[in-house]
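Residue 12 in the working numbering sits at position 14 of the sequence shown, with consecutive numbering throughout.
Yeah, the Cβ is synthetic: ideal placement off N, Cα and C, and Gly gets one too.
Okay, so here's the structure we're looking at.
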Amino acid sequence: MRSRRVGPATYHRLLAAHGSGRAALAALPEVAKAAGVARYTPCPEGVAQAEIRAGRRIGARLLLFG
-1 MRSRRVGPAT
9 YHRLLAAHGS
19 GRAALAALPE
29 VAKAAGVARY
39 TPCPEGVAQA
49 EIRAGRRIGA
59 RLLLFG
């Protein structure tokens, strides 16, 4: 889950609470709001995909959990 203010602990907590990455991303703005972060938006899918493509071009490998 590539989004601002989401580190490993938050990532695992979101997955446990919401059951899937898709559901966790959908809930993320409300979770951030409850934590006092106004106008939060997750990283756009296109930005994350562009980062993955750029990494592949230089030989990076994607590591996934689960």
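- Message: Does A22 pass the burial test, meaning 16 or more other C-beta atoms within 10 Å, or should it be called exposed?
- Response: Position 24 of the sequence shown, counted from the first residue, corresponds to residue 22. So A22 counts as buried.
- Item | Between the CA atoms of L26 and R20 - distance to the nearest angstrom | Numbered from 1 along the sequence shown, position 22 holds the residue referred to as residue 20. Numbered from 1 along the sequence shown, position 28 holds the residue referred to as residue 26. Approximately 10 Å between the Cα atoms of the pair.
- Query: If you draw a straight line from the C-alpha of G5 to the C-alpha of T39, how long is it?
  - Reply: Here residue 5 is taken as the residue at index 7 of the sequence shown, counted from 1. Here residue 39 is taken as the residue at index 41 of the sequence shown, counted from 1. As the crow flies, the alpha-carbon of G5 is around 15 Å from that of T39.
- Query: Can you list, in chain order, the residues of its chain whose CB lies under 8 Å from that of V35, leaving out five sequence neighbours each side?
  - Reply: By one-based count along the sequence shown, residue 35 stands at place 37. If we look at V35 and ignore the five residues flanking it on each side, its Cβ neighbours are R3.
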